[in-house]
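In mature numbering (1 follows the signal peptide of the UniProt record, and there is no 0), the protein residues as written are -19 to -1, 1 to 902.
Ideal placement from N, C-alpha and C gives every residue a C-beta, glycine not left out.
Just so we're clear, the structure is a prediction, and the values are computed from it rather than from any experiment.
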């Protein structure tokens, strides 16, 4: 069912679309030419692998209730979608009932007008409990939401029932069973009336529209997103209402650096005498003067353009926009006068608009197809826009606080500010002296990279890149002044924060994370300082840290972790692992503690004062809908987005490695504490190390998310030592499977669940390509999409989990076979069933198994050459010293007694190299 509502005129269409997955092309071409404010769609058949962006409902906020295990045991079918124009400021109403496919939206339209919009789908075979659950939900929401108007539409699957008004209210006749009574009773109790009297082609009334005491007009509509279903005619609902406020950021002005007069700017900068201009000035004054000079040049020589938010997708042409407006006017005349020539004019315009829409969209796709070579950014923008989620809703909430318009930015600022900590006194440390001396910059070190970003001060990278020759010496003078005085200029310490959606309810600010944008000149300064000091600091960082360290990665961390477990398995021992979750670690870094650690590392003056100035007294503001929140002070954290921040974080957390006795692995703030456990004493030793870790966190001001900390025992024995590890007397939860940085680990170190997971994930990405690219893109584009979005998934960290059994190898290879099968049909390549060698040859591809072997060899070469920095792994390589000239194997493989020990990545890699060596000779 498919309802379309138009507000003022407020039009809603209800539509049982019988699945959108295979009809996305029709949706994309028809949606822009439909002039409705709200879409309510039932039986969408959508699932989590299809994101909102794939529907391309430009200018609308999408809410979905896809079918899940709570609503039905049948995976296929069902689902409800409501799309609301963003100018109406919709917000989701959450309900506790999960057993019904239903959605409820709240619209604060105008002063006292608060409208409840609902959509529901109830399958024909649904039990009475589903109907009563829906009735209870409607009753509870109507009482608690504060709405005074309501429109609830849906496919209730209650045929052979007559709904009509009487003096006593809504009356029922026909087949009135318990299901009908459950629905009828609740809507009569709430004084709602059923307004739809339009039956389907077989004379049944399945789609119902319940409204409170508001005047609406329900009618069939000639417009539709997809081909109408004979059992569910598309319906429109018209409701007149006062004007709604214009959407935020409908238009705003900005400096367009693409049209800047850089000749005039460079000429002016060339006449400036830097020595006299900045003579006898402190760093704050010098930088402020330079900033003022640059802003003045931007104001004078960079034109201001106006951004207008379009209600149409990017591919809609001006001709199609005009035709759509003409169709809207013709439809209004047809509804108003109803004459034959008005109906004829509307029919002609509707056919014309549909033709032009399909033509414009196909032309747009053709340009996207050819843009890969000439303009890759355009190509990948198209792909990423289809894969990303929708934007931030115009109404947000944080707990009980609800905000809209300019208040949303302040609501985000309130959340992001709340994670910061108060300063603590410095603890006592035993750290190594590294003695960094003062230094200055050379002109050759100053380079500016071109990218699309611009800082919170309005200075873009394009601007800096275009005047880099003229900026060279002013910046060098400023940078050296800053280091000499031990002051990081305050003008570079204000960040612009953009909220980025994570998961969950899009209307809750808690489901967003902050991304900070720093002034670009300050970031350039950081980059140069980082290059000068990084090598000296790396000398004291533990080899257990694999994050933010060149030559190490999540893969090297997983390799060391799995190697330790396999070594324990050789001795029939178990390994107990405690997965530690530090809450908001980067945001909670105590400035005083960090500076004290740098001081004990003998970072000399004025560099120590410069670091203190760099991390303290920073300010942020949230920028959203072209509105800025109130600035707030950052009392903790390493500056997000800075080049120095990862290094400073590693310096602080490095002190943890010196505080515990058992084995420790870190990837940034992700911590694994583990030990080989052969007796209770070993488990007690691990608990003592955990206690020391907790004490370290308390000392440096970090908090543990105890409910997220888990314990897992790795063993191949039937019985294990079960020890209750605890933090602050809270026993940690034991688990039998864990996902750790993209790898799924099991107690026996079997990677079969991981292989199932990555194959499923890769197939979902391949499904995205088939939905949006196969019919319109060249083979070259398809191949690039496959290698970037699909093959990268099944090859991530393959050296850790590369399968040995034929069954697992075939399962992974099927991912590529599905792609090859699609491309072979597209290209007309003839091949025998399940024989894809001809297709591989044409596309110049290798099998996934061959590529995993190459990755294994690359790992071994990287360790030997030093490109991969892992002393533990390097020490496990067995180099063969030939005793005779007949022995040509470069690596020695010790004999093993268990098959699972052959899965060791390094052993596998050494065996491959030995085989290649023998084949060569």
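If you compare the alpha carbons of 673, 712, 335, 751 with that of residue 30, the shortest gap goes to 751.
Residue 497 and residue 600 have their C-alpha atoms some 11 Å from each other. Between the C-alpha atoms of residue 820 and residue 348 there is a straight-line separation of about 27 Å. The Cβ atoms of residue 206 and residue 391 do not sit closer than 8 Å to each other. Note on residue 481: under 16 other CB atoms within 10 angstroms of its CB, so exposed under the neighbour-count rule. With respect to residue 101, residue 79 sits apart: the two C-beta atoms are not nearer than 8 Å. Between residue 641 and the set 670, 653, 454, the nearest pair of CA atoms involves 670. In this structure the segment 489 to 503 lies against the segment 437 to 445, because at least three pairs of beta carbons, one per stretch, are closer than 8 Å. According to DSSP, residue pairing for residue 279 in a beta bridge does not occur. Rounded to whole angstroms, the gap between the alpha carbons of residue 15 and residue 315 is 16 Å.
In this structure, residue 655 lies away from residue 672, with their beta-carbon atoms at least 8 Å apart. By the neighbour-count criterion, in which a residue is buried when 16 or more other Cβ atoms sit within 10 angstroms of its Cβ, residue 218 is buried. As a beta-bridge residue in DSSP terms, residue 601 pairs with 476, 613.
Within the same chain, Cβ atoms closer than 6 Å to the Cβ of residue 130 are found at 96, 193, 195, the five residues on either side in sequence being excluded. Between residue 692 and residue 554, the C-beta gap is not smaller than 8 Å, which leaves the two residues out of contact.
Setting aside the 5 residues that flank it on each side, residue 523 is surrounded in the same chain by 635, 638, each with a C-beta closer than 7 Å to its C-beta; the list follows chain order. With fewer than 16 neighbouring CB atoms inside 10 Å of its own CB, residue 816 falls in the exposed class.
In the three-state scheme derived from DSSP, where H, G and I count as helix and E and B as strand, residue 513 is classed as helix. Contact annotation: residue 462 and residue 591 have beta-carbon atoms that are not nearer than 8 Å. As a beta-bridge residue in DSSP terms, residue 71 pairs with 88. Membership of residue 340 in any beta strand (DSSP E) is not indicated; the residue belongs instead to the alpha helix (DSSP H) covering 321 to 355. Just measuring C-alpha positions, the residue of 396, 485, 511, 359 sitting nearest residue 588 is 511.
Assignment of residue 263 by DSSP, reduced to helix, strand and coil, places it in the coil class. Residue burial annotation: residue 50 is exposed, with fewer than 16 other C-beta atoms found within 10 angstroms of its C-beta. Between residue 271 and residue 448 a beta carbon distance of about 12 Å is seen, past the 8 Å cut, so the two are scored as non-contacting. Listed as beta-bridge partners of residue 134 by DSSP are 100, 190. Assignment of residue 26 by DSSP, reduced to helix, strand and coil, places it in the coil class.
Between residue 103 and residue 163, the CB-CB gap reaches or exceeds 8 Å. A contact between stretches requires three or more CB pairs, one per stretch, nearer than 8 Å, and the segment 528 to 539 meets this requirement with the segment 722 to 731.
Taken through DSSP and simplified to helix, strand or coil, residue 564 comes out as strand. Taking the Cβ atoms as the reference, residue 624 lies roughly 18 Å from residue 597, outside the contact range of under 8 Å.
Cβ contact annotation for residue 508 (same chain, cutoff 7 Å, sequence separation greater than five): 624, in chain order. Just measuring C-alpha positions, the residue of 842, 708, 486, 395 sitting nearest residue 478 is 395.
Contact annotation, residue 400 with residue 568: C-beta distance approximately 4 Å; criterion of less than 8 Å satisfied.
The secondary-structure analysis by DSSP pairs residue 151 across a beta bridge with 146. In the structure shown, residue 533 adopts coil according to DSSP, grouped into three states.
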